[in-house]
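Each remark here refers to the structure printed beneath this line.
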Ligand code: SF4
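See the structure below:
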């Protein structure tokens with residue numbers, strides 16, 4: 669949960685604390701709050717922690733970080749509660765998900 | 071060399087390692103603060119590839135690992151109630167409490183749901199007005215903007231059935247506590263880039279000056295880590311102790327101002343007990359007076375719960391960099407990811423789990 673995941677903003681709507689957008693994380697798209705990054709526009713890359721973009725990032729760095737997160741095999745688990753639950757259950761039972 | 075094959079750009083990594091070797095004239099001990107950095111270092115064998123003069127020790131930056139046992143026990147007590155939907159990040163489900171974990175409470179009929187974002191818990195509260203919805207609000211500075219916004223939204227909407235069990239921890243006071251400890255070996259820090267992207271790094275200047283400890287803000291990709299290590303060793307060799315931002319693309323000196331404003335509204339600084347380490351003054355956030363109504367511990371009267379940690383677990387020493395996971399007597403024996411004695415073996419960001427998953431248990435087996 670502590671790992672931030674970089675993604676590309678593909679949609680943005682609303683303003684102020686209600687500003688939200690769609691962010692594409694390596695093929696998985698999620699609804700994300702853009703409340704804390706008012707300067708960010710569609711096409712920009714952001715780091716997202718638990719549903720909130722907290723900072724902007726350049727494209728090259730975003731890809732570098734995504735490559736590492738893929739290697740550590742944590743992206744799906746971070747983004748999808750169903751995958752996270754299955755993974756935790758598998759760990760509890762000592763089996764691979 | 072199996073490690074290097076996994077680098078995307080092994081030549082650049084090799085060159086950096088060579089440069090670090092050339093500038094090191096004596097032994098230095100560096101601590102990476104963030105659990106994500108620990109995993110990247112162990113997984114990519116950075117600690118093995120570095121010259122012998124440079125020792126990496128692993129810091130307390132895994133929120134799952136340092137959430138105090140009594141907070142876990144409070145969560146278990148609340149999550150077991152019939153009137154409660156308990157929402158948590160997935161990482162917390164297997165963290166051992168005194169008697170059981172959230173998974174076992176769930177197995178026993180507790181309505182426990184994993185959410186991606188704290189706003190999902192607010193949504194669940196909206197949809198279930200007849201139930202109490204509690205979110206387990208833990209983490210470092212990185213999750214605080216999200217958790218703060220969830221409380222803010224709940225109050226704005228008048229959601230009286232939403233509350234939060236808050237146990238936030240702060241990095242800078244933990245760095246001071248590590249440096250203050252008589253057993254301290256840490257001579258330089260790699261600070262966590264994402265924490266600094268929220269909070270900035272103005273607070274670090276006084277730590278670097280007071281303790282004469284270089285602090286380099288960096289990311290957690292292998293090359294970023296190597297660049298950070300090189301910057302820290304360069305300072306150590308020059309006898310300098312400064313704050314250096316090696317993660318400029320994502321971190322500004324002042325941090326994220328709107329996020330900090332929200333945090334300052336919803337949370338206030340408090341003393342916090344760190345699992346394994348013990349109490350550190352002014353090292354956490356709790357709900358501020360304005361948002362006290364949303365405190366789940368008060369709402370469900372679990373404030374008085376106190377707990378006693380297993381004596382087998384050496385997590386405190388591991389978290390402060392005085393013991394490597396594979397030197398813990400229980401590592402890989404009584405304590406495995408399937409039978410964790412301590413939280414460090416549970417979380418994917420915990421140092422003990424990182425060592426176990428990367429097969430680093432030769433020393434423990436040999437001893
Ligand atoms: S190996 Fe297990 S018992 Fe030893 S410090 Fe790590 S979590 Fe605790």
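Chains as they are written, first to last, in this note's numbering: chain R, 669 to 765; chain L, 71 to 437.
No residue lacks a Cβ here, since even glycine has one placed at the ideal position from N, Cα and C.
What did DSSP end up calling residue i once you bin it into helix, strand or coil?
i: residue 328 (chain L); result: helix
i: residue 352 (chain L); result: strand
i: residue 413 (chain L); result: helix
i: residue 320 (chain L); result: coil
i: residue 173 (chain L); result: helix
i: residue 217 (chain L); result: helix
i: residue 690 (chain R); result: strand
i: residue 729 (chain R); result: helix
i: residue 135 (chain L); result: helix
i: residue 422 (chain L); result: helix
i: residue 347 (chain L); result: coil
i: residue 341 (chain L); result: strand
i: residue 314 (chain L); result: strand
i: residue 669 (chain R); result: coil
i: residue 274 (chain L); result: helix
i: residue 157 (chain L); result: strand
i: residue 226 (chain L); result: helix
i: residue 115 (chain L); result: coil
i: residue 751 (chain R); result: helix
Taking Cβ-Cβ distances shorter than 7 Å, what residues in chain C pair up with residue i?
i: residue 726 (chain R); result: Absence of chain C from the displayed structure is noted, the protein chains being R and L.
According to the Cβ coordinates, are residue i and residue j closer than 8 Å?
i: residue 211 (chain L); j: residue 162 (chain L); result: no
i: residue 110 (chain L); j: residue 722 (chain R); result: no
i: residue 258 (chain L); j: residue 98 (chain L); result: yes
i: residue 139 (chain L); j: residue 297 (chain L); result: no
i: residue 733 (chain R); j: residue 129 (chain L); result: no
i: residue 213 (chain L); j: residue 686 (chain R); result: no
i: residue 720 (chain R); j: residue 704 (chain R); result: yes
i: residue 172 (chain L); j: residue 145 (chain L); result: yes
i: residue 287 (chain L); j: residue 261 (chain L); result: yes
i: residue 716 (chain R); j: residue 673 (chain R); result: yes
i: residue 123 (chain L); j: residue 96 (chain L); result: yes
i: residue 293 (chain L); j: residue 79 (chain L); result: yes
i: residue 242 (chain L); j: residue 281 (chain L); result: no
i: residue 411 (chain L); j: residue 236 (chain L); result: no
i: residue 315 (chain L); j: residue 271 (chain L); result: yes
i: residue 126 (chain L); j: residue 119 (chain L); result: no
i: residue 303 (chain L); j: residue 90 (chain L); result: yes
i: residue 233 (chain L); j: residue 366 (chain L); result: yes
i: residue 714 (chain R); j: residue 677 (chain R); result: yes
Quick one: using the 10 Å Cβ neighbour count with 16 as the cut-off for buried, is residue i buried or exposed?
i: residue 728 (chain R); result: exposed
i: residue 437 (chain L); result: With a pLDDT of 35 at residue 437 (chain L), under the threshold of 50, the modelled position of this residue cannot be trusted, and the question is left open.
i: residue 384 (chain L); result: buried
i: residue 430 (chain L); result: buried
i: residue 305 (chain L); result: buried
i: residue 255 (chain L); result: exposed
i: residue 169 (chain L); result: exposed
i: residue 327 (chain L); result: exposed
i: residue 318 (chain L); result: exposed
i: residue 223 (chain L); result: buried
i: residue 391 (chain L); result: buried
i: residue 434 (chain L); result: Residue confidence for residue 434 (chain L) is low, a pLDDT of 40 falling below 50, so the modelled location carries little weight; the figure read from the coordinates is stated next. With 16 or more other Cβ atoms within 10 Å, it is buried.
i: residue 741 (chain R); result: exposed
If we define contact as Cβ-Cβ less than 8 Å, is residue i a contact residue for chain R?
i: residue 173 (chain L); result: yes
i: residue 219 (chain L); result: yes
i: residue 290 (chain L); result: yes
i: residue 268 (chain L); result: yes
i: residue 212 (chain L); result: yes
i: residue 430 (chain L); result: no
i: residue 180 (chain L); result: no
i: residue 425 (chain L); result: no
i: residue 230 (chain L); result: no
i: residue 109 (chain L); result: yes
i: residue 196 (chain L); result: no
i: residue 326 (chain L); result: yes
Between residue i and chain L, is there a C-beta pair that is closer than 8 Å?
i: residue 711 (chain R); result: no
i: residue 693 (chain R); result: no
i: residue 707 (chain R); result: no
i: residue 723 (chain R); result: yes
i: residue 679 (chain R); result: no
i: residue 697 (chain R); result: no
i: residue 752 (chain R); result: yes
i: residue 689 (chain R); result: no
Taking 7 Å as the cut-off, is the beta-carbon of residue i closer than that to any non-hydrogen atom of the ligand MN?
i: residue 388 (chain L); result: Of the ligands this structure carries, namely the ligand SF4, none is the ligand MN.
Query raised in the report: Are there three or more Cβ pairs, one per stretch, closer than 8 Å when the stretch 241–250 of chain L is compared with the stretch 225–232 of chain L?
Result: At 8 Å Cβ cutoff, the stretches do not touch.
Query - Given 8 Å, three or more beta-carbon pairs between the stretch 370–389 of chain L and the stretch 349–362 of chain L - result: no
Requested in this report: Could you tell me whether the stretch 143–158 of chain L touches the stretch 168–185 of chain L, using the rule of 3 or more Cβ pairs below 8 Å?
Outcome: yes
Query raised in the report: Just checking, does the stretch 407–420 of chain L make contact with the stretch 198–206 of chain L on the three C-beta pairs under 8 Å criterion?
Result: No: fewer than three Cβ pairs fall under 8 Å.
**Report entry** Stretch pair the stretch 104–122 of chain L + the stretch 733–746 of chain R: three plus CB contacts closer than 8 Å
**Finding:** yes
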